Amino acid sequence: MLFKKLTMTTTAALALSAAAAMADTTLTVANWLPPSHPLVSEVIVPMTEAIKEATGGSVTTNILPAPLGPPPAHFDFAVNGVADITFGVQNYTPGRFKTTSVAEMPFLGNSATAMSVAYWRTWDAMLKQAGEYDGVKVLGVFTHGPGEIFMKEGDASATEVLNGKKMRVGGGLINEITTKLGAVPVEGPSSKAYELLSQGVADGIFFPYESVNSFGLIPQLTKGIDVPGGLYNTSFFVVMNKAKWDSLTPEEQTQIDSVTGESLARMAGAMWDSADAKGKAAMDGKIELTTATDAQMVAWTDALAPVIKEKMDEISSAGVDADAAMKMMKDEIAKVEAE
């Protein structure tokens with residue numbers, strides 16, 4: 008009788024253990040943007056849906072309804088397990104990520120899709136060895152569309168069009184670019200851009216087309232200069248807590264890898280390209296858009312050469328062959344643009 012009772016207890020325990028092993032995993036996803044923002048609605052939400060589908064429902068997600076903290080804290084939220092998945096901008100924590108400059112340099116490309124896919128491939132092949140993301144599982148890196156020049160007034164064809172102008176910047180490489188081009192950087196979050204322009208604190212802004220439109224800045228601006236290849240780019244990450252990643256089965260990890268990485272980078276890039284096209288269309292008849300002249304491009308390329316060298320040296324200091332990484336980045340951009 009005792010043997011039978013022990014057997015039944017063991018069987019029940021094994022059943023419970025098996026059930027626990029088969030239980031679904033729900034990943035918390037931190038979010039600091041409005042749900043309607045395209046980065047959320049057209050990238051993060053579809054990514055979570057793809058994870059659920061790829062794993063057959065064994066891994067699901069819960070996007071948190073309110074921010075856990077300010078945007079710069081989100082990378083560490085993933086490191087420390089405050090949330091399972093987070094996304095953000097590397098340059099919100101200056102000096103922490105040196106390799107992002109590979110994707111943020113001037114004149115790289117005109118398509119966020121091409122730059123984002125190339126960035127992922129370069130990061131996966133060469134940049135991750137720097138160890139900047141060792142505390143997390145990287146689900147994706149990508150960029151927004153090329154950053155352009157927008158002003159309240161001025162001669163958009165002048166070589167020194169930016170001399171003395173107060174330009175709103177958001178941090179990172181664009182701050183140094185602003186100074187080298189003779190302008191005065193005015194730092195402030197994107198949410199304060201309208202206020203800075205409307206109150207005359209800033210004379211203009213560096214933004215992709217999407218952001219000028221989505222932040223309602225079109226009425227504040229009259230001139231725009233489209234810079235071939237973009238004057239700058241902004242790098243983004245999507246990362247997962249390492250312990251949570253390690254708790255998934257190898258099969259689940261493979262399934263999630265299949266819908267993140269390059270797939271995620273391509274999806275994010277396509278979103279930014281679509282949003283930029285809509286933003287540019289919204290400027291029709293409201294902002295006078297011109298393409299940077301040959302003289303402007305020569306002058307700006309010369310002026311920015313020291314900044315580019317400095318950033319290349321920083322990449323090298325992270326233990327990466329900067330020249331090889333930049334060559335791969337440009338080659339992969341060309342490949343994707345030729346698709």
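Per the working numbering, the very first residue in the sequence shown carries number 8; after that it's consecutive.
Every residue, glycine too, gets a C-beta built ideally from N, C-alpha and C.
All values derive from a computational prediction rather than experimental measurement.
Since residue i sits in a beta bridge, which residues does DSSP pair it with?
i    : result
S242 : T150
K199 : Answer is none; K199 lacks a bridge partner.
N248 : V143
R175 : V193 and I212
F157 : I212 and G231
V36  : I70 and I92
L224 : Answer by DSSP bridge pairing: none, since L224 is not bridged.
E259 : The partner list for E259 (beta bridge, DSSP) is empty, contrary to what the question assumes.
T298 : D233
Would you mind working out which of the options sits nearest residue i, comparing C-alpha positions?
i    : options                   : result
N98  : M122, D253, T67 and V148  : V148
W39  : G171, F84, A110 and T68   : F84
A299 : E202, M278 and L238       : L238
V36  : I58, L180 and T93         : T93
A302 : E258, T166 and R175       : T166
A190 : M158, S221 and K316       : M158
K187 : N87, M319 and A310        : A310
W130 : T308, I181 and V145       : V145
E202 : G223, A61 and S48         : G223
K59  : V266, D162, S48 and G211  : V266
T185 : G161, F213, D162 and L134 : F213
D320 : S108, T68, N69 and V52    : S108
According to the neighbour-count rule (16 or more other Cβ atoms, all chains shown, within 10 Å of its Cβ), is residue i buried or exposed?
i    : result
H151 : buried
S242 : buried
K334 : exposed
N170 : exposed
D338 : exposed
S218 : buried
L71  : exposed
S43  : exposed
P235 : exposed
A250 : exposed
V208 : exposed
Q136 : exposed
P305 : The amino acid at residue 305 is misidentified as Pro; the sequence shows Val. It is exposed - the Cβ of V305 has fewer than 16 other Cβ atoms within 10 Å.
G231 : buried
A200 : buried
T106 : buried
T297 : exposed
Kindly indicate the opening and closing residues of the alpha helix (DSSP H) around residue i.
i    : result
V124 : A119 to T129
T185 : L180 to K187
S270 : E269 to A289
E60  : V52 to A61
M333 : A329 to E344
S108 : S108 to E111
Pop quiz: residue i and residue j are said to be a contact at Cβ under 8 Å. What is the actual Cβ separation, rounded to whole angstroms?
i    : j    : result
E269 : R103 : At roughly 24 Å, the Cβ-Cβ gap does not stay under 8 Å, so E269 and R103 are not in contact.
Q227 : S198 : With a Cβ gap of about 14 Å, Q227 and S198 do not count as contacting.
V96  : L75  : With 8 Å as the limit, V96 and L75 do not qualify as a contact, their Cβ atoms being about 16 Å apart.
K318 : M54  : Actually they are not in contact, since the Cβ atoms of K318 and M54 sit about 29 Å apart, beyond 8 Å.
V246 : L271 : About 11 Å separates the two Cβ atoms, so there is no contact after all.
Please tell me whether residue i has its Cβ less than 9 Å away from any Cβ of chain B.
i   : result
D31 : Among the protein chains of the structure shown there is no chain B, as only one such chain exists.
Tell me whether residue i counts as near the ligand ADP, meaning its Cβ is closer than 8 Å to at least one heavy atom of that ligand.
i    : result
K230 : This structure lacks the ligand ADP; in fact it carries no ligand of any kind.
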